[in-house]
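As structure tokens, this is what we get:
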């Protein structure tokens, strides 16, 4: 370092490498260029392969339509009003359906009561749903006092404002396709006496709603809701490994209630082995979370 002294002032000078001076002067320009290049690269990436929305972990896209409770209720209300009539008061039937049919359909939805008689609906339920474009077609099971159990197909859609409306006249249809019950092949019998004993004891206490006794066979953290109808278990004629996963078993149970009514029931139990002892983690898919 060298000092230069003048009148009333002193100036100190020092030597610095030339590359460091140039770097300090050019650094802002380099940073600006780097940011510009990063922006151009990002724009090109979004243009070539735009990102798609990610579903939460565990969520899956499904072709099955999400149930619309409002539409289901609307279809059932229409079916009940449509099938309820009295020959002596046809105007009441037309008024009950006026808000459903409006001016788009015939009065009464096209149903004209006969000269005599009446029909009442005991209950309704949605038993099938299909989708055709913006329309959902619900099959409504309705128990009537004169025609018996009938199935009514009701088409429903939404207006651009979101209101529910009928898409046309209803139709009487058959029951949804069904087949006789058939148990899956369950040939893998549980051959462990210790597990058999725990399962039988746990189910006996479970059916009897004996929470204190049942707790002795439950795994830590297991939460099981006891049945409201108490039963006396007579036996477990079959105990097999369940196809749902490891350490799950299916138990065929014979039991009876206080009136002497006898039942054959099926339960799935999730078992866990702790320190050489089998414990029950769940009964009939009850969650332990």
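Residue numbers (the working numbering): 4 to 292.
Backbone N, C-alpha and C fix where the C-beta goes; we use that ideal spot for every residue, glycine too.
I believe residue i touches residue j by the beta-carbon criterion, under 8 Å. Please report the beta-carbon distance rounded to the nearest angstrom.
i, j, result
"residue 204", "residue 220", "6 Å"
"residue 256", "residue 206", "6 Å"
"residue 95", "residue 155", "Contact flag wrong, Cβ pair sits at about 20 Å."
"residue 259", "residue 237", "7 Å"
"residue 192", "residue 242", "7 Å"
"residue 77", "residue 167", "5 Å"
When you compare only the Cα positions, how much space is there between residue i and residue j?
i, j, result
"residue 93", "residue 84", "12 Å"
"residue 172", "residue 114", "10 Å"
"residue 56", "residue 276", "Model confidence at residue 56 stands at a pLDDT of 48, short of 50, so the residue's coordinates are unreliable; what they give is reported in the following sentence. Their backbone Cα atoms lie some 42 Å apart in a straight line."
"residue 217", "residue 144", "40 Å"
"residue 124", "residue 153", "10 Å"
"residue 116", "residue 137", "32 Å"
"residue 110", "residue 100", "8 Å"
"residue 268", "residue 146", "28 Å"
"residue 88", "residue 271", "47 Å"
"residue 185", "residue 86", "35 Å"
"residue 208", "residue 239", "13 Å"
"residue 159", "residue 247", "38 Å"
"residue 61", "residue 179", "Any reading at residue 61 is ruled out, since the residue's pLDDT is 43, under 50, leaving its predicted position unreliable."
"residue 112", "residue 104", "6 Å"
"residue 253", "residue 285", "12 Å"
"residue 151", "residue 120", "15 Å"
"residue 281", "residue 162", "57 Å"
"residue 227", "residue 214", "9 Å"
"residue 261", "residue 225", "28 Å"
Which residues does DSSP pair with residue i in a beta bridge?
i, result
"residue 175", "155"
"residue 264", "None; residue 264 has no bridge partner."
"residue 269", "255"
"residue 141", "132 and 157"
"residue 285", "273"
"residue 115", "Answer is none; residue 115 lacks a bridge partner."
"residue 169", "159"
"residue 221", "283"
"residue 164", "Paired residue(s): none; residue 164 is not in a bridge."
"residue 127", "145"
"residue 89", "121"
Comparing C-alpha positions only, which one of the options sits nearest to residue i?
i, options, result
"residue 177", "102, 269, 141 and 225", "141"
"residue 211", "230, 129 and 272", "230"
"residue 79", "131, 118, 97 and 109", "131"
"residue 263", "106, 192, 283 and 234", "234"
"residue 91", "163, 146 and 122", "122"
"residue 283", "200, 127, 69 and 87", "200"
"residue 198", "244, 161 and 265", "244"
"residue 70", "134, 247, 119 and 97", "134"
"residue 175", "278, 127 and 157", "157"
"residue 128", "97, 161, 170 and 72", "72"
"residue 265", "280, 281 and 232", "232"
"residue 126", "196, 182, 148 and 249", "148"
"residue 195", "250, 227 and 261", "250"
Q | Contiguous beta strand (DSSP E) assignments of at least 3 residues, all confined to the segment 229-256 | A | 235-244
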